[in-house]
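Asks:
Residue numbers (the working numbering): 62 to 368.
1. Starting from the C-beta of residue 118, find all residues in its chain whose C-beta is less than 7 Å away, skip the five residues before and the five after it, and write them out in chain order.
2. So, at 7 Å on beta carbons, what are the nonlocal neighbours of residue 126 in its own chain, with the 5 sequence-adjacent residues on each side left out?
3. If I'm right that residue 286 touches residue 257 with Cβ under 8 Å, what's the distance once you round it to whole angstroms?
4. Per DSSP, which one or two residues make a beta bridge with residue 156?
5. What's the C-alpha gap between residue 309 and residue 113?
6. Can you tell me where the alpha helix (DSSP H) holding residue 121 begins and where it ends?
7. At 4 residues or longer, what runs of the alpha helix (DSSP H) sit wholly inside the stretch 132-186?
8. For residue 322, write down the residues that DSSP places opposite it in a beta bridge.
9. Under 8 Å, do residue 217 and residue 164 count as touching if we go by C-beta distance?
10. Quick one: Cα of residue 299 to Cα of residue 366, how far?
11. What separation, rounded to the nearest whole angstrom, lies between the Cα atoms of residue 237 and residue 181?
12. Going by alpha carbons, who is nearest to residue 315 out of 193, 205 and 183?
13. Anyone know if the C-beta pair for residue 317 and residue 235 falls short of 8 Å?
14. Residues bridged to residue 288 by DSSP?
15. Does residue 86 pass the burial test, meaning 16 or more other C-beta atoms within 10 Å, or should it be called exposed?
16. Who are the Cβ neighbours of residue 96 in its own chain at under 8 Å, not counting the five residues just before and after it?
17. Could you work out which residue in 302, 225, 259 and 162 is closest to residue 344 when comparing CA atoms only?
18. Using the beta-carbon count (16 or more within 10 Å), is residue 307 buried or exposed?
19. With DSSP as the reference, please indicate the residues paired to residue 128 in a beta bridge.
20. Suppose the cutoff is 7 Å on Cβ atoms and the five residues either side in sequence are ignored; what does the same chain contact list for residue 213 look like?
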């Protein structure tokens with residue numbers, strides 16, 4: 062089946078699944094509390110350990126550089142198994158590599174320090190941004206970024222948790238030494254090397270749902286850190302046996318989730334535990350039983366249902 066990016070999928074159960082999360086439904090953890098940003102006065106500076114510092118207006122950034130759009134799934138590092146702190150959007154902006162090439166970063170530079178309009182400034186290892194799909198995004202789902210999602214400019218760092226996707230950017234500074242975070246951020250240092258874990262979320266049925274129909278559609282999403290999802294399996298007998306699902310929706314974008322489904326006919330009236338897990342194209346299976354917080358949660362998603 063082929064769908065356009067923004068076309069919702071209508072299932073037999075009359076449920077609607079959105080491959081691209083509507084912006085109004087997209088999660089946000091931190092809301093903008095700084096001074097109102099006047100886009101006509103705003104500019105982005107790129108300086109530090111570089112040969113050619115830059116100072117760019119919003120108009121220059123959005124009209125004079127290549128515009129790239131990518132479908133990328135974003136997840137918060139504190140998102141629990143099956144949680145709501147994950148979504149997929151079409152992010153559009155300038156590849157960060159374009160600006161780094163233009164400023165001519167010195168060989169000794171090791172960190173990118175991000176100054177943001179909310180005052181939550183962070184230094185992050187430069188090696189994590191050396192990817193062609195890392196974007197300085199100014200649009201989300203075809204519209205200018207809204208304030209709570211980073212207007213006028215935010216980082217989009219595919220494959221890494223959302224704490225690296227810095228919002229409300231004002232300045233990018235290349236440094237030769239690691240930035241020393243404030244004490245209250247020191248515990249986050251361990252997160253710097255953590256990519257998004259292979260994950261799965263069951264969208265339907267809901268936990269403790271009572272099913273009245275003879276057949277039911279189990280549907281969910283799976284995502285990871287860039288290695289494509291090969292297949293998703295579902296168990297209805299506590300993991301004794303597994304059934305491959307049908308991949309209902311996927312894109313050519315390697316960092317976007319896939320949507321899958323399984324048509325199921327309960328053999329008897331009972332209580333069932335639905336378990337889902339993903340396997341990527343390298344054969345790597347999703348972790349289970351591992352609470353790896355604060356660097357992401359790794360466990361198979363389960364819901365209990367009654368027929």
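For glycine and all other residues, C-beta sits at the position ideal for the given N, C-alpha and C.
Replies: Let me spell this out:
1. For the purposes of this step, residue 118 is taken as residue 57 along the chain shown, with counting starting at 1. Taken in chain order, the residues that qualify are 104.
2. Along the chain shown, one-based indexing puts residue 126 at 65. The residues are 155 and 159.
3. Taking the first residue of the chain shown as position 1, residue 286 is located at position 225. Taking the first residue of the chain shown as position 1, residue 257 is located at position 196. Residue 286 to residue 257, Cβ: 4 Å. Contact.
4. Mapped onto the chain shown, residue 156 falls at position 95. Per DSSP, 196.
5. The sequence position of residue 309 within the chain shown is 248, counting from 1. The sequence position of residue 113 within the chain shown is 52, counting from 1. Looking at the two C-alpha atoms, the distance is approximately 47 Å.
6. The residue given as residue 121 occupies position 60 in the chain shown. Counting along the chain, the alpha helix (DSSP H) containing residue 121 begins and ends at 119-124.
7. 157-164
8. Here the question's residue 322 lines up with position 261 in the chain shown. Answer is 280 and 307, bridged to residue 322.
9. Here residue 217 is taken as the residue at index 156 of the chain shown, counted from 1. Here residue 164 is taken as the residue at index 103 of the chain shown, counted from 1. No.
10. Locating residue 299 in the chain shown gives position 238, counting from the first residue. Locating residue 366 in the chain shown gives position 305, counting from the first residue. Those two C-alpha atoms are separated by around 13 Å.
11. Position 176 of the chain shown holds residue 237. Position 120 of the chain shown holds residue 181. Residue 237 and residue 181: Cα-Cα distance of roughly 21 Å.
12. One-based indexing of the chain shown puts residue 315 at position 254. Looking at the Cα atoms, 193 is the closest of the given residues.
13. Residue numbering aside, residue 317 sits at position 256 when the chain shown is read from its first letter. Residue numbering aside, residue 235 sits at position 174 when the chain shown is read from its first letter. No, they are not a contact pair.
14. For the purposes of this step, residue 288 is identified with residue 227 of the chain shown, where counting begins at 1. Answer is none; residue 288 lacks a bridge partner.
15. Position 25 of the chain shown holds residue 86. Exposed.
16. Your numbering for residue 96 matches position 35 in the chain shown. So the list reads 178, once near-sequence residues are dropped.
17. Position 283 of the chain shown holds residue 344. Measuring from the Cα of residue 344, the nearest candidate turns out to be 259.
18. Counting from 1 along the chain shown, the entry for residue 307 is found at position 246. By the 10 Å Cβ count, residue 307 comes out exposed.
19. Numbered from its first residue, the chain shown carries residue 128 at position 67. Answer is none; residue 128 lacks a bridge partner.
20. Position 152 of the chain shown holds residue 213. These residues qualify, in order along the chain: 98, 100, 103, 119, 199 and 206.
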